[in-house]
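See below for the structure under consideration.
In my numbering, the protein residues as written are 48 to 247.
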């Protein structure tokens, strides 16, 4: 069974018990996973992942929460094709003063979409805001679906990604969680994001 490891950070890998329950990851300023024409390619954010054959991937989910306060603060689930050129990330991102559900899929360049945190999640008082994110293969047409999962278990569709499993027998993937703090504002410290109920 593949072991968990970090990319882009010296933080220690959480223990098996922490991975089953809860753990935190920190990201310093100027970290991101993003791609935009004509020449922006960033893949320097802390990422905890394990490697598996893409053909064996079925589902991943995690609950992500933090005190989101700075533009583009973000954290969530990620699946990447064993290299930084193609990836999908989904979680919470702080945009226009509000934490929102965010999905970004990069094939050649990154396409980004936002949706509200599902009703029923506690957004009051700018305390920690969290949501459960799920990525799941849909067998009938071999596409990847991204969901926000409400507290009652209802899954809210956020995105369908149609290209991920093309040539899957030839590819490996990284599956795990990430934290980004893209801002380089002076005096800004690390962003700490909590993860729980990680299941891959």
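Virtual Cβ for every residue (Gly too), placed ideally from N, Cα, C.
* Asked: What did DSSP end up calling residue 82 once you bin it into helix, strand or coil?
  -> Indexing the chain shown from 1 puts residue 82 at position 35. Reduced to three states, the DSSP call for residue 82 is strand.
* Which of helix, strand or coil does DSSP assign to residue 101? -> Taking the chain shown and counting its residues from 1, the one referred to as residue 101 is at position 54. Residue 101 falls in the helix class under three-state DSSP.
* Indicate the three-state DSSP secondary structure (helix, strand or coil) for residue 216 in the structure shown. => Translated into positions along the chain shown, residue 216 becomes position 169. Looking at residue 216 - three-state DSSP - the assignment turns out to be helix.
* Asked: Can you tell me where the beta strand (DSSP E) with residue 181 in it begins and where it stops?
  -> In the chain shown, the residue the question calls residue 181 occupies position 134. Note, residue 181: beta strand (DSSP E), 176–185.
* **Beta-carbon contacts of residue 160 that lie in its chain and below 7 Å, excluding the five residues immediately before and after** => Taking the first residue of the chain shown as 1, we reach residue 160 at position 113. Contacts found: 150, 206.
* Asked: DSSP state of residue 61, grouped into three classes?
  -> Numbered from 1 along the chain shown, position 14 holds the residue referred to as residue 61. Residue state, collapsed to three classes: coil.
* Starting from residue 127 and walking both ways along the beta strand (DSSP E), at which residues does that stretch end? -> Translated into the one-based positions of the chain shown, residue 127 becomes position 80. From DSSP, the beta strand (DSSP E) with residue 127 extends over 121–127.
* Hey, residue 52 and residue 242: beta-carbon distance below 9 Å or not? -> Translated into positions along the chain shown, residue 52 becomes position 5. Translated into positions along the chain shown, residue 242 becomes position 195. Not in contact: residue 52 and residue 242 (Cβ atoms no closer than 9 Å).
* Candidates 124, 185, 180: which alpha carbon is nearest residue 165's? -> Residue 165 sits at position 118 when you count from the first residue of the chain shown. Measuring from the Cα of residue 165, the nearest candidate turns out to be 180.
* Between the Cα of residue 310 and those of 97, 88, 85, spot the shortest distance and give me the residue it belongs to. => Only positions 48 to 247 of the chain appear in this structure, which leaves residue 310 out of reach.
* Asked: How many angstroms separate the CA atom of residue 222 from the CA atom of residue 62?
  -> Along the chain shown, one-based indexing puts residue 222 at 175. Along the chain shown, one-based indexing puts residue 62 at 15. Straight-line Cα distance between these residues: approximately 17 Å.
* Does DSSP put residue 211 in a helix, a strand or coil? -> The count along the chain shown starts at 1 and reaches residue 211 at position 164. In this structure, residue 211 counts as coil in the three-state DSSP scheme.
* Asked: In whole angstroms, what is the alpha-carbon distance linking residue 188 and residue 87?
  -> One-based indexing of the chain shown puts residue 188 at position 141. One-based indexing of the chain shown puts residue 87 at position 40. Between residue 188 and residue 87, the C-alpha separation is close to 32 Å.
* For residue 228 and residue 59, believed in contact at Cβ under 8 Å, the rounded distance -> Here the question's residue 59 lines up with position 12 in the chain shown. Here the question's residue 228 lines up with position 181 in the chain shown. 20 Å between Cβ atoms; not a contact.
* Return the chain-ordered list of same chain residues with a C-beta closer than 7 Å to the C-beta of residue 70, the five sequence neighbours on each side being excluded. => Indexing the chain shown from 1 puts residue 70 at position 23. Answer for residue 70: 61, 242, listed in chain order.
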